[in-house]
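Numbering (my numbering), first residue to last: 2 to 178.
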């Protein structure tokens, strides 16, 4: 059964990006691709990200999972760009519930990949997130964009797996309903 999966790398002190959405810290240490993380590209049929993540990827000229992911990418934003010509991107705005449904339908029975803390928080608050897969990188950023900025209710998680690859710890959890 398809699930809504938040896949992210964070620093040990809980940040997914540095100040001003900086991702330069990812180049330090073992937070690059690994088999477990790259498998997500194969099990995901669609991705849903926020505008900040879209801009960071666009500026870096990077593709999701180094090009290993091939599927539609939905960007939740109130300000769609006027110069995007890549047909893989669909820009949507509005309530997270119908947007997740649209993206899940497009996933064709595969998982919906959630990218970005704001989108993940909206999914959690709406009761839509099924799993979290977090790579914990052995760095302390001290400040930046936190894993979650949620004011929602308590969410209980069941551990699915815990592994270590190099210096990175991989944690996978299922959201308890």
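Note that beta-carbon positions come from the ideal geometry of N, C-alpha and C, so glycine has one too.
Note that the structure is predicted; figures quoted are calculated from it, not measured.
Inter-residue spacing [alpha-carbon to alpha-carbon] between residue i and residue j
i           : j           : result
residue 73  : residue 14  : 32 Å
residue 166 : residue 139 : 12 Å
residue 42  : residue 69  : 6 Å
residue 22  : residue 106 : 30 Å
residue 11  : residue 17  : 4 Å
residue 39  : residue 65  : 10 Å
residue 67  : residue 136 : 17 Å
residue 115 : residue 48  : 6 Å
residue 100 : residue 79  : 13 Å
residue 97  : residue 127 : 8 Å
residue 123 : residue 90  : 20 Å
residue 153 : residue 9   : 20 Å
residue 169 : residue 28  : 13 Å
residue 1   : residue 35  : Not covered by the structure: residue 1. The range shown for the chain is 2 to 178.
residue 32  : residue 163 : Because residue 32 sits at a pLDDT of 49, beneath the cut-off of 50, its placement in the model cannot be relied upon, and the following sentence gives the value as read from the coordinates. Answer to the nearest angstrom: the Cα atoms are 16 Å apart.
residue 84  : residue 104 : 22 Å
residue 1   : residue 151 : A question about residue 1 goes unanswered here, because the residues of the chain that appear run from 2 up to 178.
residue 119 : residue 60  : 20 Å
residue 63  : residue 125 : 27 Å
Spatially closest choice to residue i from the options, by CA coordinates
i           : options           : result
residue 37  : 177, 175, 171     : 171
residue 158 : 132, 105, 49      : 132
residue 144 : 100, 26, 104, 55  : 26
residue 92  : 127, 54, 141, 122 : 54
residue 3   : 108, 64, 121      : 108
residue 121 : 19, 164, 147, 141 : 147
residue 20  : 151, 163, 141     : 141
residue 82  : 52, 124, 63       : 52
Distance between beta carbons of residue j and residue i, contact taken as under 8 Å
i           : j           : result
residue 5   : residue 155 : About 19 Å separates the two Cβ atoms, so there is no contact after all.
residue 95  : residue 50  : Not a contact, Cβ separation roughly 16 Å.
residue 130 : residue 7   : 6 Å
residue 57  : residue 24  : 6 Å
Short Cβ contact (8 Å threshold) for residue i with residue j
i           : j           : result
residue 134 : residue 173 : yes
residue 111 : residue 45  : yes
residue 175 : residue 161 : yes
Cβ of residue i within 8 Å of any chain C Cβ
i          : result
residue 40 : In the structure shown, chain C does not exist; there is a single protein chain.
Handout entry: Those runs of the beta strand (DSSP E) which lie wholly inside the segment 64 to 150 and span at least 3 residues
Key = List check, beta strand (DSSP E) in window: 74 to 77, 90 to 93, 112 to 116, 132 to 138.
Practice task
Only counting runs of 3 or more residues, tell me where the beta strand (DSSP E) segments fall wholly within the segment 6 to 36, in order along the chain.
Solution key: Listed in chain order, the beta strand (DSSP E) runs fully inside the segment 6 to 36 are 16 to 18, counting runs of at least 3 residues.
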